[in-house]
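As they're listed, the protein sequences go chains G and A. If you read the first sequence in my numbering, its first letter stands for residue 2, the second for the next number, and so on. If you read the second sequence in my numbering, its first letter stands for residue 580, the second for the next number, and so on.
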Amino acid sequence: MSTVELDQVRKIYPNGYEAVHGIDLDIAEGELMVLVGPSGCGKTTVLRMIAGLESITGGQLRFGDKVVNDLSPKDRDIAMVFQNYALYPHMTVAGNIGFALRLRNLPKDEIDRKVKEAGKILGLTEWLDRKPAQLSGGQRQRVAMGRAIVRNPSVFLMDEPLSNLDAKLRVQMRAQVSQIQRTVGVATVYVTHDQTEAMTMGDRVAVMRAGRLQQCGPPQHLYDHPDNLFVAAFIGSPAMNLFEATLTEGCRSVRLGSQEVALGDELRVTHPALAAYGGKKVVVGVRPESLPAVHDGSPATADTRLVGDVTLVEALGSELQVHFNIDAKRVYAEEAMDEDEIAAGGGVARVAPHTAAVAGERLTFAVDTAALHFFDADSGAAIWN
Amino acid sequence: MRSPVRKGWHRYINGITVATTLTVLFVTLPILFMLVSSFKGTAGIGSAAIYPKDPSLINYNTAFSQYTFARYILNSVIVSVTSTALVLALATPAGYALGRLPMRGKMPLLVALLMISVFPAIAVIAPMFLLMRQIGWTNSYQALVVPYTAFNLPFSIWIIRNYMMGIPKEMEETARIDGASPIRTLVSIILPPARPGLFTAGIFTFTACWTEFLMSLSFNSDNNFRTIPVGIALFGGQYQIPYGTIFAASCVAAIPIAILVFIFRRSVVSGLTAGAVKG
Ligand SMILES: Nc1ncnc2c1ncn2[C@@H]1O[C@H](COP(=O)(O)OP(=O)(O)O)[C@@H](O)[C@H]1O
Ligand SMILES: [Mg+2]
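Structure, rendered in structure tokens:
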């Protein structure tokens, strides 16, 4: 068991490309740290540097208090699960799981015992004599896990281990992987590009973009307090609605296109830094669930209401997802949202089922102003205090 | 549109089966003719009869008793097996390096290999003969083993390289993380899935050595060092060609190749396709 600490770790590839720009990260013993970000942001590079498969260009990597920058992979006592599993096709499941133990020249009966034990944890007991080609995707994934846990490593590294599975299996395996990780109790770095996976599995989540760490914290904290536009847009599904807006002098209200939404006094208390933005352009973020539709029982105050032109209504049973347009300009954080979301345009609100929302008509939302997010229009940094 | 389902043996008659049958016949007819004729007595050799009138083994007997055909077989086995073993021993690490290791100047090297492998042997026979004579290698096994190895190496390296490129690098990396030495990784992780590639290269090389004629004829004039193709070609004397014996000897010579292909047929087919598709 060991902690993992990255101290300004950088990676410049031999072709001169700087894939990682100096990252600070520390993973506690037994913690499951999820590294999440869009494709190409350098997650795999970070993981491979921790594994020792890529050299570290600058900074320090420590396991416990030991600097391991120049340690070869086999001396780091890590186990890694690759995206494509990389099972040995010519060995049986038992052979695959036991390979690392055979390398250490452990006695045969001890290897057998450990392999059986790992097989049991992973539900592979009946498949131990099969070759990987005869297994389903989910079983192969578990063999790759088994190969890693049987070694009893002090650090566990996983690179998008579930991305080759179909959606349903992925959900099941998420739970199973985090349960196994808890059982084994080793510091784990888990890489994914899927924010849902990050949110559901991570003790903490580190969001990366273009080789830089954006924010690191428990999933709920990232959701409630994103540090910048990118994290705000990346975490959460459907994504947070982001609009260009202007704060009025004194920050009593915010203008969204032709509409004006009043801001409560308590907001000026919780966000004192907003005062500096009076009369200036900002980006306002509002989560879909902070936009309930106005109904009979809504608070009487009409000045926190927002009227949108409904473009599409998706009924999910438990709620309606209402896509709407207002005349304020939408803001897109680069790479944070997928094509579909951007193409759809407009905003999304999650409203109660049975709300009378019809495409082509207007709908009035009661904005939960206490849950609004504000960002600097130029830097994209969140305005907190 | 679907053609109506036909019943009975009629459904086996269609364009594809007919074309396949004709092709197979076209390719195998000479071999069949050779096989059948080898059992004909001296009298029947000239005839085009499909079945020998009175089948006999006399031709086979002659090949082994009147000529030193057994010696030729031994020579061919020694030369071909040694060359194939050498080629595989050299092409495997070379193919691994060219297929899987980061290396400068890989492409020029590969192109050079390809060019060498299509270079016609006949163009270098004369200088090589002089060379062989000078270093005193004429009439020896190494006179054939060394050039056979050299000439078959480039193509084998290509086949093996293509095959090895198809093996995901993560397999190696996992082994490395688990603490396997480079040699152990090559032997237990890379070679087993690359085996069809080795078989393919091996069979190509073996067949090429087994049937090679020019160098064998030029470098080894001593009867004791002759290989099968040259030996068979020199059967008989000035005034007569013993076709029956030649057919019989040729049939015997074809057996090892047939066996090899039969044993490794699955691996070879997958080796040929996998190298192409994955590489
Ligand atoms: N060996 C390499 N040489 C040069 N650039 C590379 C190499 N490997 C990855 N990259 C680049 O580094 C960036 C980060 O890659 P990667 O870590 O694989 O991203 P991710 O895993 O987040 O998708 C990408 O732009 C990729 O093209
Ligand atoms: Mg990746």
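Glycine is no exception: its CB is placed at the ideal position from the N, C-alpha and C atoms.
Going along the chain, which residues of its own chain have a beta-carbon closer than 6 angstroms to the beta-carbon of G212 (chain G), five neighbours each way excluded? Numbered from its first residue, the first sequence carries residue 212 (chain G) at position 211. Taken in chain order, the residues that qualify are A20, V21, H22, G43.
Counting only the same chain and skipping the five closest in sequence on each side, list residues whose C-beta sits under 7 angstroms from that of F798 (chain A). Position 219 of the second sequence, counted from the first residue, corresponds to residue 798 (chain A). Correct list, in chain order: F708, M711, T717, A722, L723.
Cβ-based neighbour list, A372 (chain G), same chain, cut-off 6 angstroms, excluding 5 preceding and 5 following: The residue given as residue 372 (chain G) occupies position 371 in the first sequence. Closer than 6 angstroms at Cβ, skipping near neighbours: S291.
Below-8 angstroms beta-carbon distance, M81 (chain G) vs any chain A residue: Counting from one through the first sequence, the residue named residue 81 (chain G) turns up at place 80. Chain A, which has a Cβ nearer than 8 angstroms to the Cβ of M81 (chain G), makes this yes.
Please state whether the Cβ-Cβ distance between L793 (chain A) and A700 (chain A) is less than 8 angstroms. Locating residue 793 (chain A) in the second sequence gives position 214, where the first residue counts as 1. Locating residue 700 (chain A) in the second sequence gives position 121, where the first residue counts as 1. Cβ atoms of L793 (chain A) and A700 (chain A): closer than 8 angstroms.
Among the residues of its own chain, which have a CB less than 7 angstroms from the CB of F366 (chain G), if the five just before and after it don't count? Numbered from its first residue, the first sequence carries residue 366 (chain G) at position 365. So the qualifying residues of the chain are L292, P293, A294, V295, R306, L307, G309, A350.
Can you pull the chain A neighbours of H355 (chain G), defined as C-beta to C-beta under 8 angstroms? For the purposes of this step, residue 355 (chain G) is taken as residue 354 along the first sequence, with counting starting at 1. Simply none; closest approach about 51 angstroms.
Between G715 (chain A) and D130 (chain G), what straight-line distance do the alpha-carbon atoms span, to the nearest angstrom? The residue labelled residue 715 (chain A) in the question sits at position 136 within the second sequence. The residue labelled residue 130 (chain G) in the question sits at position 129 within the first sequence. So the alpha carbons of these two residues sit roughly 57 angstroms apart.
According to DSSP, what are the bridge partners of T193 (chain G)? The residue labelled residue 193 (chain G) in the question sits at position 192 within the first sequence. DSSP, once it has assigned bridges, lists G:V37 as partnering T193 (chain G).
Applying the 10 Å Cβ sphere with the 16-neighbour rule, what's the burial state of Y646 (chain A)? Along the second sequence, one-based indexing puts residue 646 (chain A) at 67. Y646 (chain A) comes out buried.
Going along chain G in order, which residues have a C-beta closer than 9 angstroms to the C-beta of P771 (chain A)? The residue you call residue 771 (chain A) lines up with position 192 of the second sequence. Those within 9 angstroms of P771 (chain A) in chain G are Y89, P90, H91, M92.
Could you check the C-alpha separation between D377 (chain G) and V284 (chain G) for me, to the nearest Å? Within the first sequence, the letter at position 376 stands for residue 377 (chain G). Within the first sequence, the letter at position 283 stands for residue 284 (chain G). Straight-line Cα distance between these residues: approximately 6 angstroms.
Who are the near neighbours of M743 (chain A) in its chain, counting only those whose CB is closer than 8 angstroms to its CB and skipping five residues on each side? Here the question's residue 743 (chain A) lines up with position 164 in the second sequence. Correct list, in chain order: G674, Y675, G678, R679, I769, A773, G776.
For T45 (chain G), is the beta carbon positioned less than 7 angstroms from some heavy atom of ligand 2? Here residue 45 (chain G) is taken as the residue at index 44 of the first sequence, counted from 1. Yes, since a heavy atom of ligand 2 falls inside the 7 angstroms radius drawn around the Cβ of T45 (chain G).
Mind listing the chain A neighbours of P74 (chain G)? Cutoff is C-beta to C-beta under 7 angstroms, in chain order. Working through the first sequence from its first residue, we reach residue 74 (chain G) at position 73. What P74 (chain G) touches in chain A: R755, I756.
How would you list, in chain order, the residues of chain A whose beta-carbon sits under 8 angstroms from the beta-carbon of L54 (chain G)? Locating residue 54 (chain G) in the first sequence gives position 53, counting from the first residue. Within 8 angstroms Cβ-Cβ: E752, R755, I756.
Have a look at T641 (chain A) and T602 (chain A) and give me their C-alpha separation to the nearest angstrom. Residue mapping note: residue 641 (chain A) aligns to position 62 of the second sequence, counting from 1. Residue mapping note: residue 602 (chain A) aligns to position 23 of the second sequence, counting from 1. Computed Cα separation, rounded: 34 angstroms.
Based on Cα-Cα distance, which residue from A:S617, A:E752, A:A702 lies nearest to A52 (chain G)? Counting from one through the first sequence, the residue named residue 52 (chain G) turns up at place 51. With distances taken between Cα atoms, A52 (chain G) lies closest to A:E752.
Own chain partners of S696 (chain A) with C-beta closer than 6 angstroms, once the 5 adjacent residues on each side are dropped: Here residue 696 (chain A) is taken as the residue at index 117 of the second sequence, counted from 1. Result list for S696 (chain A): P733, F734, in chain order.
Cutoff 7 angstroms; reference L669 (chain A); Cβ partners in own chain excluding five residues on either side: On the second sequence, position 90 is the one that residue 669 (chain A) refers to. Around L669 (chain A): L732.
For Y224 (chain G), which residues from the same chain have a beta carbon less than 8 angstroms from its beta carbon, with the 5 sequence-adjacent residues on both sides left out? On the first sequence, position 223 is the one that residue 224 (chain G) refers to. Excluding five sequence positions before and after Y224 (chain G), the CB atoms of its chain that fall closer than 8 angstroms to its own CB belong to M200, I236, G237, given in chain order.
Please confirm whether A95 (chain G) has its beta-carbon closer than 8 angstroms to some beta-carbon of chain A. Against the first sequence, residue 95 (chain G) aligns to sequence position 94. No, A95 (chain G) does not count as interfacial toward chain A.
Within-8 angstroms CB hit, P761 (chain A) to chain G: To locate residue 761 (chain A), count along the second sequence from 1; it is residue 182. Not an interface residue.
In this structure, does DSSP put G218 (chain G) in helix, strand or coil? Here the question's residue 218 (chain G) lines up with position 217 in the first sequence. Here G218 (chain G) sits in strand by DSSP.
Nearer than 7 angstroms: is that true of the beta carbon of Y18 (chain G) relative to any heavy atom of ligand 1? Along the first sequence, read from residue 1 onward, the residue named residue 18 (chain G) stands at position 17. The answer is yes for Y18 (chain G).
Can we count E161 (chain G) as close to ligand 2, meaning its CB is less than 7 angstroms from some heavy atom? Counting from 1 along the first sequence, the entry for residue 161 (chain G) is found at position 160. Yes, Cβ of E161 (chain G) sits closer than 7 angstroms to a heavy atom of ligand 2.
At a CB-CB cut-off below 8 angstroms, which residues of chain A make contact with N85 (chain G)? As a first step, residue 85 (chain G) must be located in the first sequence, where it is residue number 84. What N85 (chain G) touches in chain A: P747, E749.
Nearest CA to the CA of A176 (chain G): which residue from G:G203, G:V156, G:V270, G:A188? The sequence position of residue 176 (chain G) within the first sequence is 175, counting from 1. If you compare the alpha carbons of G:G203, G:V156, G:V270, G:A188 with that of A176 (chain G), the shortest gap goes to G:G203.
State yes or no: is the C-beta of D25 (chain G) within less than 8 angstroms of the C-beta of Q9 (chain G)? The residue labelled residue 25 (chain G) in the question sits at position 24 within the first sequence. The residue labelled residue 9 (chain G) in the question sits at position 8 within the first sequence. It is a contact, given that the beta carbons lie within the stated cut-off.
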